[in-house]
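Read in order, the letters of the sequence shown correspond to residues 3 to 443 in the working numbering.
Note that beta-carbon positions come from the ideal geometry of N, C-alpha and C, so glycine has one too.
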Amino acid sequence: MRAYDIIKKKRDNKELTKEEIDYFIDKYSNGEIPDYQASSFLMAIYLNKMNSKETTYLTEAMMKSGEIIDLSSINGIKVDKHSTGGVGDKTTIALAPIVSACGAPVAKMSGRGLGHTGGTLDKLESIPGFSVDLDSEKFIELVNSEKIAVCGQTSSIALADKKMYALRDVTATVENISLISSSIMCKKLASGADAILLDVKTGDGAFMKTLDDSFELAKAMVDIGCGMEKETIAIVTDMDEPLGYAVGNSLEVIEAIETLKGNGPKDFVLLCETLGAYMLVLSKVATDFEDGIKKVREVIENKKALEKLKTFIKNQGGNPDVVDDYSLFDKAKNTYLVKSQKDGYVNKIKAEDIGISAMILGAGRETKEDLLDLSAGIILNKKVGDYVKEGETIATIYYNKEDKLENSIKMILDAYFIEENKIDSKKLIYGVVTKDYIKKY
Ligand code: URA
Numbered sequence: 003m004r005a006y007d008i009i010k011k012k013r014d015n016k017e018l019t020k021e022e023i024d025y026f027i028d029k030y031s032n033g034e035i036p037d038y039q040a041s042s043f044l045m046a047i048y049l050n051k052m053n054s055k056e057t058t059y060l061t062e063a064m065m066k067s068g069e070i071i072d073l074s075s076i077n078g079i080k081v082d083k084h085s086t087g088g089v090g091d092k093t094t095i096a097l098a099p100i101v102s103a104c105g106a107p108v109a110k111m112s113g114r115g116l117g118h119t120g121g122t123l124d125k126l127e128s129i130p131g132f133s134v135d136l137d138s139e140k141f142i143e144l145v146n147s148e149k150i151a152v153c154g155q156t157s158s159i160a161l162a163d164k165k166m167y168a169l170r171d172v173t174a175t176v177e178n179i180s181l182i183s184s185s186i187m188c189k190k191l192a193s194g195a196d197a198i199l200l201d202v203k204t205g206d207g208a209f210m211k212t213l214d215d216s217f218e219l220a221k222a223m224v225d226i227g228c229g230m231e232k233e234t235i236a237i238v239t240d241m242d243e244p245l246g247y248a249v250g251n252s253l254e255v256i257e258a259i260e261t262l263k264g265n266g267p268k269d270f271v272l273l274c275e276t277l278g279a280y281m282l283v284l285s286k287v288a289t290d291f292e293d294g295i296k297k298v299r300e301v302i303e304n305k306k307a308l309e310k311l312k313t314f315i316k317n318q319g320g321n322p323d324v325v326d327d328y329s330l331f332d333k334a335k336n337t338y339l340v341k342s343q344k345d346g347y348v349n350k351i352k353a354e355d356i357g358i359s360a361m362i363l364g365a366g367r368e369t370k371e372d373l374l375d376l377s378a379g380i381i382l383n384k385k386v387g388d389y390v391k392e393g394e395t396i397a398t399i400y401y402n403k404e405d406k407l408e409n410s411i412k413m414i415l416d417a418y419f420i421e422e423n424k425i426d427s428k429k430l431i432y433g434v435v436t437k438d439y440i441k442k443y
């Protein structure tokens with residue numbers, strides 16, 4: 003077999019066999035196939051696409067290119083939740099204690115933020131003392147005893163994906179459904195969960211900007227997961243405006259805590275309830291979606307989820323008192339109120355621009371090496387559908403770096419579309435994809 007012939011076959015739009023895909027990924031992983039041939043291979047896939055059989059073979063080959071984590075010593079059905087990334091997405095911080103308090107084990111490996119999207123690990127590290135560096139023994143022990151632990155994804159899983167993702171980034175081959183779905187799913191499948199719940203974001207702040215593309219990505223990932231015998235469900239959810247009001251690490255943790263106290267923003271609460279219910283169904287703790295919703299609401303109302311969050315923080319070295327005393331978080335030195343320049347209804351808040359504005363302040367990374375300012379960020383005072391008067395505050399900036407303020411204000415003002423007429427309210431949940439059906443709401 004030769005790399006040249008495999009590239010030529012895909013260039014000519016022919017279906018690749020499992021052996022050919024295995025050969026290419028294996029040889030690329032170990033350095034026998036150079037980047038210039040892999041680039042050409044990726045472009046051929048980008049232009050001619052892969053069918054679902056080829057995509058599953060590609061995922062499996064990438065999954066096998068690194069370590070495969072064994073979580074079988076953890077009792078119960080482990081469900082992994084993965085979001086394709088968004089702005090203000092602090093879901094894991096509220097959802098993990100909710101699901102755990104309902105009785106399902108949460109063994110979560112999370113990532114860091116890059117660009118306009120945040121990462122769970124960075125958010126958790128804004129809690130004084132909190133550590134995401136758990137060795138596998140400690141991780142398994144905590145999940146078995148307390149049903150909850152979150153750690154960083156090991157760098158030894160899906161090695162081929164690491165190389166290929168970096169190459170895609172510089173060869174204009176990122177935005178392809180087969181390449182994105184295999185890249186996400188090979189890491190999820192290598193992480194050892196028994197079932198997978200995917201939150202596929204759609205809209206301005208998401209990878210997938212249109213609903214059709216988002217459903218196609220959701221279907222591709224569900225097909226891969228189920229094809230490899232892991233029950234997988236995907237929910238397509240809105241990322242046209244940021245989720246909740248808070249964007250920035252400690253600000254988002256505080257919003258997640260408030261949600262567990264019963265004071266969460268409407269959109270964020272709905273997302274936690276929906277994802278939580280599906281996680282409970284997948285882990286067989288709930289009999290169906292309605293039972294799952296009931297259980298999620300119960301543990302928020304009786305504060306069991308809040309207590310679980312305290313236990314989770316304490317177990318990972320953090321100070322659980324932050325839950326009752328937000329002054330224990332590092333505070334940004336300055337705040338700035340961004341005022342509306344006209345009267346009208348907020349018809350759109352470009353999520354990506356708000357994410358970039360927070361990143362400029364230090365809440366996110368432009369490059370992997372950037373250091374974060376965990377106290378910096380933005381609180382949106384107005385969301386889509388709200389009426390605002392000229393001079394009224396639309397957003398509050400929390401910052402330490404004076405030189406970044408002007409740029410951040412400008413991006414926020416550009417992100418807000420304030421118009422005379424109110425638009426119809428937007429959906430948060432667009433649909434659900436399972437192996438048996440695609441339901442669009
Ligand atoms: N996230 C990934 O891990 N891979 C992609 O290709 C896109 C998003």
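Around the beta-carbon of R4, fewer than 16 other beta-carbon atoms lie within 10 Å, marking it exposed. By the Cβ criterion, the region 158-166 is in contact with the region 56-70, since at least three pairs of Cβ atoms, one from each stretch, lie closer than 8 Å. Annotation: Y38 is outside any beta strand (DSSP E); the continuous alpha helix (DSSP H) that includes it extends over 37-50. In the structure shown, I71 adopts coil according to DSSP, grouped into three states.
With fewer than 16 other beta carbons inside 10 angstroms of its own, Y443 counts as exposed. Closest in C-alpha terms to E275, from the list Y38, R299, M361, comes R299.
For K16 and S133, the gap between their C-alpha atoms comes out near 48 Å. Annotated as distal: I186 and M241, with beta-carbon spacing of 8 Å or more. Boundaries for F314: no beta strand (DSSP E) harbours it, while the alpha helix (DSSP H) harbouring it runs 306-317, taken from the DSSP string. Assignment of beta-bridge partners to A151 by DSSP yields A109.
For I381 against Y247, the beta-carbon gap comes to about 6 Å, under 8 Å, which counts as contact. Here the alpha carbons of Y389 and I425 stand approximately 11 Å from one another. The C-alpha of L245 is placed about 7 Å away from the C-alpha of D269.
Taken atom to atom, the span from the alpha-carbon of I150 to that of L97 is near 11 Å. Selection L126, P99, K189 evaluated against V145 yields P99 as nearest (Cα-Cα). By the criterion of at least three beta-carbon pairs nearer than 8 Å, the region 75-87 is not in contact with the region 321-335. Counting other Cβ atoms within 10 Å of its Cβ, E254 reaches 16 or more and is therefore classed as buried. Between K140 and I159, the beta carbon gap of about 18 Å keeps them out of contact (Cβ cut-off 8 Å).
Proximity of the beta carbon of S112 to the ligand URA is not indicated: no heavy atom of the ligand is located closer than 7 Å. Shown here, A5 sits in a helix according to DSSP, grouped into three states.
Annotation for E292: no beta strand (DSSP E) segment contains it, though the alpha helix (DSSP H) segment containing it runs 291-303.
Your pair G278 and V101 checks out as a contact, with CB atoms roughly 6 Å apart and the cut at 8 Å. For K442, the secondary structure class from DSSP, reduced to helix, strand or coil, is strand. The region 184-225 contains, as complete beta strand (DSSP E) runs of 3+ residues, the segments 197-204 (chain order). Those residues having their beta-carbon less than 5 Å away from any non-hydrogen atom of the ligand URA are, in chain order, I182, S185, I186.
Shown here for G205: same chain residues with a beta carbon closer than 6 Å to its own, the five before and five after excluded, namely D240, M241, D242 in chain order.
One thing to note: K306 has its Cβ no nearer than 8 Å to the Cβ of A46. Taking the C-beta atoms as reference points, Y347 is found nearer than 8 Å to I420.
Going by C-alpha positions, E422 is about 27 Å away from A208. Y439 has its alpha-carbon roughly 23 Å from the corresponding atom of Y59. Linking L273 to K203 through their CA atoms gives a straight-line distance of about 12 Å. The bridge partners DSSP lists for L116 are T119.
The residue from I351, L430, A378 with its alpha-carbon nearest to that of I414 is I351. The region 83-96 makes contact with the region 256-268; the number of CB pairs closer than 8 Å reaches 3 or more. Taking C-beta separations shorter than 8 Å and ignoring five residues to either side along the sequence, the partners of S31 in its chain run S67, L161, A162, K165, following chain order. S359: member of the alpha helix (DSSP H) spanning 353-363, first to last residue.
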